[in-house]
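Asker:
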Amino acid sequence: MESYKHYDAIVIGAGPAGLTAGIYLSRARLKTLIINEGTTGGQMILTHEIANYPGVESISGYQLANIMKKQATAFGCEIRSNISIQNIELNKTLKTITLSDGNLYTADSVILTPGGRSRTLGVPGEDIFKGRGISYCATCDGDFFTNKEIIVVGGGNSALEEAVSLTKYASKVTIVHQFDHFQAFEHAVAEASANSRIQFIMESTITAFHGNESLEYVDIRNLKTGRTNRFKTDGVFIFIGYIPNTEFLKSKVELNKWEEIVVKNDMSTNLEGVYAAGDSIAKRFRQVTTAVGDGTVAALAATNYLHELKAKHKHFITV
Ligand SMILES: Cc1cc2nc3c(=O)[nH]c(=O)nc-3n(C[C@H](O)[C@H](O)[C@H](O)COP(=O)(O)OP(=O)(O)OC[C@H]3O[C@@H](n4cnc5c(N)ncnc54)[C@H](O)[C@@H]3O)c2cc1C
Numbered sequence: 001m002e003s004y005k006h007y008d009a010i011v012i013g014a015g016p017a018g019l020t021a022g023i024y025l026s027r028a029r030l031k032t033l034i035i036n037e038g039t040t041g042g043q044m045i046l047t048h049e050i051a052n053y054p055g056v057e058s059i060s061g062y063q064l065a066n067i068m069k070k071q072a073t074a075f076g077c078e079i080r081s082n083i084s085i086q087n088i089e090l091n092k093t094l095k096t097i098t099l100s101d102g103n104l105y106t107a108d109s110v111i112l113t114p115g116g117r118s119r120t121l122g123v124p125g126e127d128i129f130k131g132r133g134i135s136y137c138a139t140c141d142g143d144f145f146t147n148k149e150i151i152v153v154g155g156g157n158s159a160l161e162e163a164v165s166l167t168k169y170a171s172k173v174t175i176v177h178q179f180d181h182f183q184a185f186e187h188a189v190a191e192a193s194a195n196s197r198i199q200f201i202m203e204s205t206i207t208a209f210h211g212n213e214s215l216e217y218v219d220i221r222n223l224k225t226g227r228t229n230r231f232k233t234d235g236v237f238i239f240i241g242y243i244p245n246t247e248f249l250k251s252k253v254e255l256n257k258w259e260e261i262v263v264k265n266d267m268s269t270n271l272e273g274v275y276a277a278g279d280s281i282a283k284r285f286r287q288v289t290t291a292v293g294d295g296t297v298a299a300l301a302a303t304n305y306l307h308e309l310k311a312k313h314k315h316f317i318t319v
């Protein structure tokens, strides 16, 4: 077991929010560690092409993640990826984190950026065609379906609003929904119903995805009759909910009823010295740019907090 180590700041998660926080903190000469459960880069590495990151016309998510990682480590930020957290204590001035390999880390400030994941249908073919015809983000991928015929799955506000926004690109959008009514605001239902490019298949669900290099067909089962038909499609957008990766934070920091981390404008949480940023916080728009913006704010607020703490207890800073 490695000996216990103290940092000015520990960031949980190495997606765009965490890596940005790492860049700002270590550039401010604060001893910083990023702990990341998955591969460095977070959801960015699942993204074949990012075409809406300002200043970069087009880049693969993997490349963008590597540039952010290089920037952070060049300023001295340490990153431990592919490791999980066994225990985290955030409610005292000194925060403690124990990893699954037994290592214990302490920090004066913690920034939580564990991101999240879209709810999936969990049917055959979904994993195979993710990013090859199946998407969970209209803003990210809508443009790739210009003049194509696509399907939107879901019946809440996100599904209906995103279906309408996708008609800017797609020639036809078919909404597949499991019930005979929608769980969306009336105005969202009215707008989708009035759009001539949108049609509906109600009381139905996708049961399988098929194709070769990319998605070509879906099986749709009518839940009333039990009959399944195969439909040709260019793409499927799934909007059936979002799950923040905050399971390990239950009863450790304030979460709302959707289990998103509650933050103030400066990304501070209900606990002193604890900040949060990116897709795991309570917010509406989840993008690389918004994660990067949140990560910046959280790191600057944490830097301020650490300077105030240093003024109070000089020995706390370990530069
Ligand atoms: C397929 C796809 C395509 C997308 N395309 C685009 C696009 O084109 N443009 C765009 O702007 N946005 C796009 N997005 C959205 C964008 O990727 C996210 O909004 C962004 O990555 C969120 O950043 P984040 O840092 O908050 O979280 P994430 O990127 O989710 O990173 C969180 C990190 O934290 C780690 N983690 C989770 N739990 C723990 C834990 N307990 N302990 C330690 N580490 C943990 C995870 O392993 C992960 O590495 C896309 C998303 C997907 C899924």
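Just so we're aligned: 229 in the working numbering is position 229 of the sequence shown, and the numbers increase by one with no gaps anywhere.
Beta carbons: idealized from backbone N, C-alpha and C, even for Gly.
Quantities reported herein were computed from a predicted structural model and do not represent experimental measurements.
Kindly confirm or deny that the segment 216-226 and the segment 239-246 touch, where touching means at least three C-beta pairs closer than 8 Å.
Answerer: The segment 216-226 vs the segment 239-246: no contact.
Asker: Nearest-angstrom Cα distance between alanine 396 and alanine 301?
Answerer: No answer is possible for residue 396: the residues shown for the chain start at 1 and end at 319.
Asker: What's the gap between the Cα of leucine 25 and the Cα of threonine 290?
Answerer: Spanning the two alpha carbons is a distance of roughly 18 Å.
Asker: What I want to know is whether the C-beta of serine 84 ends up closer than 7 Å to one or more non-hydrogen atoms of ligand 2.
Answerer: Here the bound small molecules are ligand 1; ligand 2 is not part of this structure.
Asker: What do you reckon, are the CB atoms on isoleucine 238 and tyrosine 136 nearer than 8 Å?
Answerer: In this structure, tyrosine 136 lies closer than 8 Å to isoleucine 238 by Cβ.
Asker: Evaluate histidine 329 with the Cβ neighbour count: other Cβ atoms within 10 Å of its Cβ, from every protein chain shown; 16 or more gives buried, anything less gives exposed.
Answerer: Residue 329 lies beyond the stretch modelled for the chain, which goes from 1 to 319, so this question has no answer here.
Asker: Tell me whether glycine 13, by its Cβ, gets closer than 7 Å to a heavy atom of ligand 1.
Answerer: Yes - ligand 1 has a heavy atom lying nearer than 7 Å to the Cβ of glycine 13.
Asker: With a floor of 3 residues, list each beta strand (DSSP E) that falls wholly inside the segment 126-172, ordered by position along the chain.
Answerer: Taking only runs of at least 3 residues, the beta strand (DSSP E) segments lying wholly in the segment 126-172 are 149-153.
Asker: Under DSSP, the alpha helix (DSSP H) around threonine 98 begins and ends at which residues?
Answerer: From DSSP, threonine 98 is part of no alpha helix (DSSP H) but of the beta strand (DSSP E) over 95-99.
Asker: Could you compute how far the alpha carbon of glycine 115 sits from the alpha carbon of leucine 19?
Answerer: Distance between the alpha carbons of glycine 115 and leucine 19: 12 Å.
Asker: Work out the CA separation of leucine 255 and alanine 276 for me, nearest whole Å.
Answerer: Going from the Cα of alanine 276 to the Cα of leucine 255 covers about 11 Å.
Asker: How about serine 58 and histidine 48: do their beta carbons lie closer than 8 Å?
Answerer: Their beta carbons are not under 8 Å apart, which means serine 58 does not touch histidine 48 by this criterion.
Asker: Heavy atom of ligand 1 less than 7 Å from the Cβ of arginine 27, yes or no?
Answerer: No; taking the cut-off as 7 Å, the Cβ of arginine 27 has no heavy atom of ligand 1 nearer than that.
Asker: Identify the continuous alpha helix (DSSP H) that holds serine 26 and give its terminal residues.
Answerer: That run of the alpha helix (DSSP H) goes 16-27.
Asker: When you compare each of Val153, Ser193 and Ala188 to glutamate 126 by their alpha carbons, which one comes out closest?
Answerer: Residue Val153 is the option with its Cα nearest to glutamate 126.
Asker: I want to know whether the segment 74-88 touches the segment 28-38 - three or more CB-CB distances under 8 Å.
Answerer: The answer is yes - the segment 28-38 touches the segment 74-88, with three or more Cβ pairs under 8 Å.
Asker: Please say whether threonine 113 and glycine 295 have beta carbons closer to each other than 8 Å?
Answerer: Cβ distance < 8 Å, so glycine 295 and threonine 113 count as in contact.
Asker: Measure the C-alpha to C-alpha separation of arginine 286 and arginine 132 and round it to an integer number of angstroms.
Answerer: Cα to Cα, arginine 286 sits roughly 21 Å from arginine 132.
Asker: Enumerate, from N- to C-terminal direction, the unbroken beta strand (DSSP E) stretches of 3 or more residues contained entirely within the segment 182-242.
Answerer: Counting whole runs of 3 or more residues, the segment 182-242 contains the beta strand (DSSP E) stretches 198-201, 204-211, 215-222, 228-232 and 235-238.
Asker: Does the Cβ-Cβ distance between valine 292 and alanine 107 come in under 8 Å?
Answerer: Cβ atoms of valine 292 and alanine 107: not closer than 8 Å.
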